[in-house]
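**Q**
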Amino acid sequence: MQIFKSVSLKPYNTFGINVSAEFYAELTHEAEVQELCSDPKLPAKKNILGGGSNVLLTKPVAGLTLRNCLKGIAVLEENEEHVWLQVKAGEIWHDLVLRSIAQNLSGLENLSLIPGCVGAAPMQNIGAYGVEVKDTIDEVTAWHIYDQEFVSFKNSECRFGYRDSIFKHGLKNKVVITSVTFRLNKSHQLNTSYGAVQQQLDLMGVSVPTIKSVSDAVIAIRSSKLPDPKQVGNAGSFFKNPTIPRQQFLDLQERYLTIPSYPVSDDMVKVPAGWLIEQTNWKGYREGEAGVHSKQALVLVNYGKAKGEEIWSLSEKILTSVKEKFGIELEREVNVW
Ligand code: FAD
Ligand code: NAP
């Protein structure tokens, strides 16, 4: 395997930020991960990159950046209700979704068109349109960089939460996820109640939805609302939707009658971060080459030559004004390197 020095990561991150990796290699076979992580001549610091659609690069990346290009899909097991698919971490997420639909397996259709690779999906428990990937993950296998062994995590050990998992916390930069095993369903329980999915199905004239039509609807909504990273650099939602105590929400509702909310539990409420950012007048704002998308305020964009620090600095200003106006502390969803 070739190891390169001083490689620009611009083609490998969807923000299109031009910073260089001190060392760079592409992982195409599982055995290589062991070799690379035990080589004393290589830097101890390893940075794992998939499709680069959830990272903001703010400075030159020290250490060895490993782009996960492991490919392969295998059926591990099958019974009357489910199929267990083991998918290597470098497979493209949306290709997996389309493949599962073509095989008439349900579970991933609402997660259509999310950029990136399969190995990153457990990281933040990717979610969209009322579905989270945790509902289909059976097991995650990874190389532990410091313990020097392959380890497997059953679903319950991954500590999945809202856009969260153990891989984003205790195991961050300590493991290289090499494969994910999904348990997909032969029977189809469709979830069309979220956001604009049902509306889009109606628009498409679909009266009896299937997993394929739900996927088509999600693709249509996403294509109309979200900036295509090939046209304008972005990493999707920059911030998480905050979850706040119900009483804090009720106090805010007295001042802001139209504040949207979704109950999370008896005493906690989710407030869309996009609405908070819009209300603080950032939607469509541009500062040099960095900006806030005009159709979705949750998405920060690079109009061309923005530096990672400029996007970061814009995100700081947004955090401050949302905190000042609503008393809510937004949290970045994007991984900052
Ligand atoms: P990367 O950006 O390469 O990596 C993200 C993080 O995971 C990094 O910290 C990296 O070190 C780590 N990582 C990556 N691969 C591995 C591995 N194999 N082992 C260990 N660590 C690893 N996300 C959603 O949840 N829902 C959405 O609907 C959604 N929509 C999006 C729409 C757009 C237009 C864009 C640009 C992004 C969107 N995202 C969404 C965010 C992003 O696509 C997902 O989080 C995706 O899973 C990131 O995959 P990636 O391969 O690009 O990860
Ligand atoms: P939307 O449908 O305009 O809704 C705005 C926000 O309200 C979303 O963030 C969503 O929260 C929440 N919401 C809407 N309907 C809900 C319901 N029935 N129950 C609970 N919460 C509800 O959102 P959008 O921007 O077009 O995105 C659509 C979906 O794609 C969302 O699920 C969003 O998370 C996902 N997405 C994620 C990213 C990313 O980078 N993470 C980027 C683009 C889109 P949730 O976000 O919690 O679902």
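For the record, in the sequence shown the residue sitting at position 220 is 225 according to my numbering, with numbers rising by one throughout. All C-beta atoms in this analysis are idealised placements derived from N, C-alpha and C, irrespective of residue type, glycine included.
How far does the alpha helix (DSSP H) with K51 in it extend, from its first residue to its last?
**A** No alpha helix (DSSP H) contains K51, which is instead part of the beta strand (DSSP E) from 51-54.
**Q** Using the C-alpha atoms, what's the distance from A36 back to S299?
**A** Answer to the nearest angstrom: the Cα atoms are 45 Å apart.
**Q** Go ahead and pull the three-state DSSP assignment for N307.
**A** DSSP places N307 in strand when its eight states are reduced to three.
**Q** Just tell me which of E162, A240, L335 has its CA closest to the CA of W280.
**A** Measuring from the Cα of W280, the nearest candidate turns out to be L335.
**Q** If I follow the unbroken alpha helix (DSSP H) through T325, where does it start and stop?
**A** Counting along the chain, the alpha helix (DSSP H) containing T325 begins and ends at 313-331.
**Q** In terms of residues, what are the limits of the beta strand (DSSP E) holding W280?
**A** Premise fails: W280 lies in the alpha helix (DSSP H), 278-284, not in any beta strand (DSSP E).
**Q** Which residue or residues does DSSP assign as beta-bridge partners of R72?
**A** Per DSSP, E31, L54.
**Q** Could you give the first and the last residue of the continuous alpha helix (DSSP H) run that contains D44?
**A** Here D44 belongs to no alpha helix (DSSP H), and DSSP marks it neither H nor E.
**Q** Taking C-alpha atoms, which residue in N59, G68, I22 lies nearest to S11?
**A** It is G68 whose Cα lies nearest to the Cα of S11.
**Q** What first and last residue would you give for the alpha helix (DSSP H) that runs through V202?
**A** Per DSSP, V202 belongs to the alpha helix (DSSP H) from 202-208.
**Q** Give a single yes or no on whether A295 has its beta carbon closer than 7 Å to a heavy atom of ligand 2.
**A** Not so, every heavy atom of ligand 2 lies at least 7 Å from the Cβ.
**Q** By DSSP, does R363 sit in helix, in strand, or in coil?
**A** A question about residue 363 goes unanswered here, because the residues of the chain that appear run from 6 up to 342.
**Q** Could you tell me whether the Cβ atoms of Y134 and V38 are closer together than 8 Å?
**A** Contact: no.
**Q** How about Q194 and S111: do their beta carbons lie closer than 8 Å?
**A** Yes, Cβ-Cβ distance for Q194 and S111 is below 8 Å.
**Q** Hey, would you say L262 sits closer than 8 Å to F331, going by beta carbons?
**A** It is not a contact, given that the beta carbons lie outside the stated cut-off.
**Q** Can you tell me which of the three DSSP states L189 falls into?
**A** Residue state, collapsed to three classes: strand.
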